[in-house]
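Here the structure comes first, spelled out in C-alpha cells, and everything after it is commentary.
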Amino acid sequence: MNKFFNMFFLSALLLLGTLSCSKYGFDPDDYAPSEHAEEGFGVADRSLTHFTITMDNGDFITIDELNDELEIKNITTGSRLLANYEVKQMSTTPEGTRNITARLNHFSIITTPDIVYSTDEDVESYVGVEPMNVAEMAISWGKYLNVNYQVKYLNPKAEHRISLLVDEALSDENTVVLWLKHNALEDIPILDTYKYGRVSFNVEDLIPAGKESINVKLSWKTYVQGTKERSFVLQRNTDHTIVEYK
Numbered sequence: 000m001n002k003f004f005n006m007f008f009l010s011a012l013l014l015l016g017t018l019s020c021s022k023y024g025f026d027p028d029d030y031a032p033s034e035h036a037e038e039g040f041g042v043a044d045r046s047l048t049h050f051t052i053t054m055d056n057g058d059f060i061t062i063d064e065l066n067d068e069l070e071i072k073n074i075t076t077g078s079r080l081l082a083n084y085e086v087k088q089m090s091t092t093p094e095g096t097r098n099i100t101a102r103l104n105h106f107s108i109i110t111t112p113d114i115v116y117s118t119d120e121d122v123e124s125y126v127g128v129e130p131m132n133v134a135e136m137a138i139s140w141g142k143y144l145n146v147n148y149q150v151k152y153l154n155p156k157a158e159h160r161i162s163l164l165v166d167e168a169l170s171d172e173n174t175v176v177l178w179l180k181h182n183a184l185e186d187i188p189i190l191d192t193y194k195y196g197r198v199s200f201n202v203e204d205l206i207p208a209g210k211e212s213i214n215v216k217l218s219w220k221t222y223v224q225g226t227k228e229r230s231f232v233l234q235r236n237t238d239h240t241i242v243e244y245k
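Numbering-wise (numbering that gives the first Met the number 0), the sequence shown opens with residue 0 and increments by one.
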C-alpha cells in the first residue's frame, strides 16, 4: 500500500469529529519523507515498554526511535494508523512477511467505525442523508476499506459521522450492496467550505465463511455529480484501488 496515499494529499487531511491528527502526525506544510521511507496501514500495540505495529499485509514493525517532533500519547493499543517509517533492520519469515525495526517518521490515527446494517434500529437517522465527495478509496489486503473523503462544514469543530451501510434487502450470498453515508450531526454545512477526512472500515467479515471473495456494489451521494457507484471484487489478502485522486 506504499503508493496509496501520496504526501501531497496527506497535507490536506483533517478528520472531522473523529480527529485524525495535526501536529502530532503528518506535518501539513514541511514534511518531506525520505526516499527510503515506507508507509502503510496497521494496528498499534503500545505500552510503556514497547510500541509495535502489525501492518495489514502481515509485516510486524517494532518502533525503537521517533521523529523528534512526534507526540504519540494518543496512540493506544488497537489504534489504527497510517504510518510512515524508516526501516533500520529487517528479516523475512518463510511466509514472506517481514519483521522490521524502524524509526517512526509520522503517523495518522484513523477511526474504524463499525459497519451498520439496514435492519438496525433507527439506522436511517443514524447514517444521515448528506452528500460527500470521495477523493480516494482502496482495499488493503482484503481487510479494510480505506476512504479519503471531503465534506462541507460550517463549524470546524463540529463532529461529522461517516458510515458504511449494508443494504440487506438487495444483498445476497454472491453480492453485498453497500452505501457510504454522511451525517453532519449538529453542524449546518450551508457554505462551500470543505474539509478532508479519512476513515477505515473492517470489511473482511463481509466475505462469507468458506469463500475467498465476494462481489461488491458500493454507492455514495455526491454534492454536484449525483450518486456515484463502483462495483468490484472484495478478495482476501488482496489490495485494490477503487477511486484514485485526479
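For glycine and all other residues, C-beta sits at the position ideal for the given N, C-alpha and C.
Everything numeric in this text was worked out from a predicted model, so none of it was measured.
Can you look up residue i in the DSSP assignment and give me helix, strand or coil?
{"i": "Y148", "result": "strand"}
{"i": "D119", "result": "coil"}
{"i": "V126", "result": "helix"}
{"i": "L217", "result": "strand"}
{"i": "D63", "result": "strand"}
{"i": "E203", "result": "helix"}
{"i": "R235", "result": "coil"}
{"i": "L153", "result": "coil"}
{"i": "A134", "result": "strand"}
{"i": "Y143", "result": "strand"}
{"i": "V223", "result": "coil"}
{"i": "S78", "result": "coil"}
{"i": "I108", "result": "strand"}
{"i": "Y244", "result": "coil"}
{"i": "G196", "result": "strand"}
{"i": "E185", "result": "coil"}
What residues are listed by DSSP as bridge partners for residue i?
{"i": "D44", "result": "T51"}
{"i": "S162", "result": "K180"}
{"i": "H35", "result": "Per DSSP, none; premise fails for H35."}
{"i": "E85", "result": "A36 and R102"}
{"i": "E228", "result": "S218"}
{"i": "S170", "result": "Answer is none; S170 lacks a bridge partner."}
{"i": "T91", "result": "R97"}
Would you mind giving the Cβ-Cβ distance between residue i and residue j, rounded to the nearest angstrom? I have them listed as a contact below 8 angstroms.
{"i": "E129", "j": "H49", "result": "Wrong, their Cβ atoms sit about 41 angstroms apart, outside the cutoff."}
{"i": "L184", "j": "V133", "result": "Contact doesn't hold; Cβ gap of about 20 angstroms is too wide."}
{"i": "L81", "j": "F40", "result": "6 angstroms"}
{"i": "I99", "j": "D58", "result": "6 angstroms"}
{"i": "E228", "j": "L217", "result": "7 angstroms"}
{"i": "I135", "j": "V42", "result": "Before going further, note that residue 135 is Glu rather than Ile in the sequence given. 21 angstroms between Cβ atoms; not a contact."}
{"i": "F200", "j": "L144", "result": "5 angstroms"}
Use the C-beta contact count for residue i: other C-beta atoms within 10 angstroms, 16 or more gives buried, fewer gives exposed.
{"i": "P93", "result": "exposed"}
{"i": "D55", "result": "buried"}
{"i": "I266", "result": "Past the edges of the chain, shown from 0 to 245, lies residue 266, and the structure says nothing about it."}
{"i": "M89", "result": "exposed"}
{"i": "K156", "result": "exposed"}
{"i": "G95", "result": "exposed"}
{"i": "S170", "result": "buried"}
{"i": "K72", "result": "exposed"}
{"i": "I187", "result": "exposed"}
{"i": "R160", "result": "buried"}
{"i": "G225", "result": "exposed"}
{"i": "K151", "result": "buried"}
{"i": "V232", "result": "exposed"}
{"i": "A137", "result": "buried"}
{"i": "E38", "result": "buried"}
{"i": "R197", "result": "buried"}
{"i": "M101", "result": "The amino acid occupying residue 101 in the given sequence is Ala; Met does not appear at that position. A101 comes out buried."}
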